[in-house]
Structures are given as C-alpha cells and as structure tokens.
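*Asks:* Under my numbering, the first residue of the sequence shown carries the number 98, and numbering increases by one thereafter.
First the structure, which I've put down as structure tokens, then a few questions once you've had a look.
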Amino acid sequence: MDKRTFIKTGALGLGGILALSSFGTGKFAKKIIRQDIPVFKLPDLPYAYDALEPHIDTETMKLHHLKHHASYTDKFNAALKDAGITGKNAKEILSEVSKYSTAIRDNGGGYFNHKLFWKVMSPDGGGQPEGELLDAINKDFGSFEEFKNKFATAAKTLFGSGWAWLILSDGKLKVTTTQNQDSPVMDIAEVKGTPLLMLDVWEHAYYLKYQNRRADYVDAFWNVVNWEFISKKYALLLKKS
Ligand code: MN3
C-alpha cells in the first residue's frame, strides 16, 4: 500500500469530505478536511460604503462589493472545486493561470483584482505619493503629473471592460492595462509585474453615477487614491527585492 492513501468520498452532501489517512511506520494519523468550506472569502471593505462620496457613490460601492465582487469570489471557489485545486493562494493560482479554465482566469482575476482595488482607495485619499515611490515615479515617468496623465489616458482609452495599472515590473514602474479581469500577476499578461495602483474601468464601476462619462470617473478617482498605503507597499517591495 502507498505510504499515503487518499480516499475521496464525493457523495456526502455538501461537496463531500476528503479523508487523508497516513499508514506507514505503524503510526496511524487521520485528518478530515471539509471541502465545502470556501477557500476564498469576500474581504470586508476597509471603509463604509458611503466613505468615498461624492467621488464614488454609495450605491455603486454596495453593488460593486456585495454583488460583483461576491459573485467573482463564489464562482472562483466553485471553479477551483471543479478543478480540485486546494492549498494555493490566489496569487499562486493566477501566476500559473494558463494551466487552468477560463472560469478560474475570469473569476480568480475578479476576486484578486477587486481585493486590491478596495485597498488602494480611502476617504482620506488624494494628494501624492511619498518617499521612494515618489522618487521612482519622477525617475520612470518624468514627474507625478506625467505619470497621472499616462495612467488616466490608459484608463480612459481602454476599449471595453478592463483595468488600468501601475505596476513594478523588472525594477521599473510601468503603466499598463488588462482586458476583462486579467491581471499583471497572471502568466498570460502581456506586461507582468506587481500591482501598486489599479483602476476598474468596467461600466459597473461607474455607470450609476457617471453614465457614459468614464473620463469624469477617472478624474474623480485621484481624490480617493490612498498614496500612503501604496507608498508603504512600494517601500516593502524594495526591501524584499
Ligand atoms: Mn469591478
């Protein structure tokens, strides 16, 4: 008999129970893992639904978080269960997403991208980056204003649904865009890197308040960007590299 025997019992109601038994040196260990528990949970917003008013309205934030992000999260968990993927974090899964189904690519991206997006906004946002991030923006884009123009233009001109990003890529800051729920952390991304700032330009992110005026939404976004958080994240990334 194998050292480890995996017995999967799929007919036990809520997704089944995986029983992992270890026989070997006379010791007997048994661990029951309930597979019906979702791997990924919808994260709480770090502020109230009305906190980003008037720039991003309460109704949009509620729908975006409780309906859209919740749905990506549920469908991501379901797709992972179908594929039998466990024990990996979302970033690991996305970094090898070319191996997986479209459902994992779309919903995993939706889960991951929105989780980052809520964190880069704050009711105390606006202003500009600090420290090493400001230095790097000046170095790689010329100035903070030039960076803002490049990012805003990317967000305003992206055709269809997708995201605009500021990423750290091979030691350089870059502005890039992705279609649908693709993410620069995915192996299939044209420009890969670590996300620092991102803007959701799907219509569901702005249509209730701004209708077809995506440009107004992009301009308003700067008022809620949490540069303090992003600057700290960048400083940590530099320490790790
Ligand atoms: Mn969205």
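Idealized CB from N, CA, C, for every residue including glycine.
Since we're looking at a predicted model, the values are computed, not measured.
For A261 and G181, what's the separation of their Cα atoms in angstroms?
*Replies:* As a working mapping, residue 261 is identified with position 164 in the sequence shown. As a working mapping, residue 181 is identified with position 84 in the sequence shown. Distance between the alpha carbons of A261 and G181: 32 Å.
*Asks:* To which residues of the same chain is Y146 closer than 6 Å at the C-beta, ignoring the five residues directly before and after it?
*Replies:* Mapped onto the sequence shown, residue 146 falls at position 49. T155, M158 and K159, listed in sequence order.
*Asks:* Any chance the CB of W215 is under 7 Å from a heavy atom of the ligand MN3?
*Replies:* Reading the sequence shown from its first residue, position 118 is the one you call residue 215. No, the beta carbon of W215 sits no closer than 7 Å to any heavy atom of the ligand MN3.
*Asks:* Of the residues H161, G223, V315 and K196, which one's Cα is nearest the Cα of W324?
*Replies:* For the purposes of this step, residue 324 is identified with residue 227 of the sequence shown, where counting begins at 1. Here the closest residue by C-alpha is G223.
*Asks:* Taking 6 Å as the limit, tell me which residues put their C-beta closer than that to any heavy atom of the ligand MN3, in chain order.
*Replies:* Selection output, chain order preserved: H161, H165, H211, D297, W299, H301 and A302.
*Asks:* Ends of the beta strand (DSSP E) at L270?
*Replies:* As a first step, residue 270 is located in the sequence shown; it is residue number 173 there, counting from the start. Start and end: K269 to Q276.
*Asks:* The alpha helix (DSSP H) with T157 in it runs from where to where?
*Replies:* Walking along the sequence shown from the start, residue 157 turns up at place 60. T157 -> alpha helix (DSSP H) spans T155 to K159.
*Asks:* Using only the alpha-carbon positions, how far apart do G206 and S266 sit?
*Replies:* In the sequence shown, the residue the question calls residue 206 occupies position 109. In the sequence shown, the residue the question calls residue 266 occupies position 169. Whole-angstrom Cα-Cα distance: 19 Å.
*Asks:* Could you check how far apart the C-beta atoms of G259 and V217 are, in whole angstroms? I think they sit under 8 Å.
*Replies:* Within the sequence shown, the letter at position 162 stands for residue 259. Within the sequence shown, the letter at position 120 stands for residue 217. Actually they are not in contact, since the Cβ atoms of G259 and V217 sit about 16 Å apart, beyond 8 Å.
*Asks:* For T274, collect the residues of the same chain with a Cβ closer than 8 Å to its Cβ; drop the 5 residues on either side in sequence, then sort them by chain order.
*Replies:* Looking up residue 274 in the sequence shown gives position 177. For T274, where only same-chain residues beyond five positions count, the Cβ hits under 8 Å are A251, A252, L255, G259, W260, A261 and W262.
*Asks:* Starting from S266, follow its DSSP beta bridges and name the residues at the other end.
*Replies:* Locating residue 266 in the sequence shown gives position 169, counting from the first residue. DSSP lists K269 as partners of S266.
*Asks:* Below 8 Å between beta carbons: does that hold for Y331 and L191?
*Replies:* In the sequence shown, the residue the question calls residue 331 occupies position 234. In the sequence shown, the residue the question calls residue 191 occupies position 94. It is not a contact, given that the beta carbons lie outside the stated cut-off.
*Asks:* Kindly identify the DSSP beta-bridge partner or partners of A261.
*Replies:* The residue given as residue 261 occupies position 164 in the sequence shown. Beta-bridge pairing links A261 to T274 and L296.
*Asks:* Under 8 Å, with one C-beta from each stretch per pair, do the segment 301-319 and the segment 274-290 reach the 3-pair mark?
*Replies:* Because the criterion of three Cβ pairs below 8 Å is not met, the segment 301-319 and the segment 274-290 do not touch.
*Asks:* So, at 6 Å on beta carbons, what are the nonlocal neighbours of G257 in its own chain, with the 5 sequence-adjacent residues on each side left out?
*Replies:* As a working note, residue 257 is residue 160 in the sequence shown. Here the set comprises nothing.
*Asks:* Looking at L139: is its Cβ nearer than 8 Å to the Cβ of A176?
*Replies:* For the purposes of this step, residue 139 is taken as the residue at position 42 of the sequence shown. For the purposes of this step, residue 176 is taken as the residue at position 79 of the sequence shown. No, the pair does not count as a contact, with Cβ atoms beyond the cut-off.
*Asks:* Relative to the C-alpha of H152, which candidate in S338, D316, D232 and S328 has its C-alpha closest?
*Replies:* Position 55 of the sequence shown, counted from the first residue, corresponds to residue 152. Measuring from the Cα of H152, the nearest candidate turns out to be D316.
*Asks:* Since Y208 contacts F137 with CB under 8 Å, what's their CB separation in whole angstroms?
*Replies:* Residue numbering aside, residue 208 sits at position 111 when the sequence shown is read from its first letter. Residue numbering aside, residue 137 sits at position 40 when the sequence shown is read from its first letter. Indeed, because the Cβ distance is near 6 Å, the residues count as touching under 8 Å.
*Asks:* Only counting runs of 4 or more residues, tell me where the alpha helix (DSSP H) segments fall wholly within the segment 183-253, in order along the chain.
*Replies:* Runs of the alpha helix (DSSP H) inside the segment 183-253: 187-192, 199-216 and 228-238.
*Asks:* Taking only the alpha-carbon atoms, compute the straight-line gap between I264 and E193 and give it to the nearest angstrom.
*Replies:* For this step, residue 264 is matched to residue 167 along the sequence shown. For this step, residue 193 is matched to residue 96 along the sequence shown. C-alpha separation (whole angstroms): 19 Å.
*Asks:* Helix, strand or coil, according to DSSP, for V136 in the structure here?
*Replies:* Numbered from its first residue, the sequence shown carries residue 136 at position 39. In the structure shown, V136 sits in coil (DSSP, three-state: anything other than H, G, I, E or B).
*Asks:* Tell me the DSSP bridge mates of V322?
*Replies:* Indexing the sequence shown from 1 puts residue 322 at position 225. Answer is M218.
*Asks:* By how many angstroms is the C-alpha of D141 removed from the C-alpha of D339?
*Replies:* Because the chain in this structure spans residues 98 to 338, residue 339 falls outside the shown range and cannot be described.
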